[in-house]
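Have a look at the structure below before the remarks.
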Amino acid sequence: MIIKPTSALRTELGEITRICKERSEPVYLTKNGEGELVVMSIAAFERREATLNLRAKLL
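Heads up: the sequence shown begins at 40 in the working numbering, then just goes up one per residue.
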């Protein structure tokens with residue numbers, strides 16, 4: 040799990056993008072030490088959505 044402060048969006052956007060795409064995992068962003076946002080690649084998001092849709096159909 041990768042956790043970064045929200046300020047990293049300004050200074051490390053390229054690195055955050057690379058991590059999301061290469062590792063296919065989300066990056067958690069915090070503000071004042073608390074969870075604020077989750078960033079993930081489109082491919083990872085679409086896989087997650089497909090998995091959730093399939094799960095909903097099976098249950």
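Backbone N, C-alpha and C define an ideal beta-carbon position, used for all residues, glycine too.
Sub-8 Å separation of residue i and residue j beta-carbons
i, j, result
"L76", "T45", "yes"
"S63", "A82", "yes"
Paired residues, beta bridge with residue i - DSSP
i, result
"K43", "L68"
"E73", "K70"
Span of the alpha helix (DSSP H), counted from its first residue to its last, around residue i
i, result
"L91", "81–97"
"E61", "52–62"
Residue nearest to residue i in terms of C-alpha spacing, selected from the options
i, options, result
"P65", "L48, A47, I41", "I41"
"K60", "A47, L48, F84, N92", "F84"
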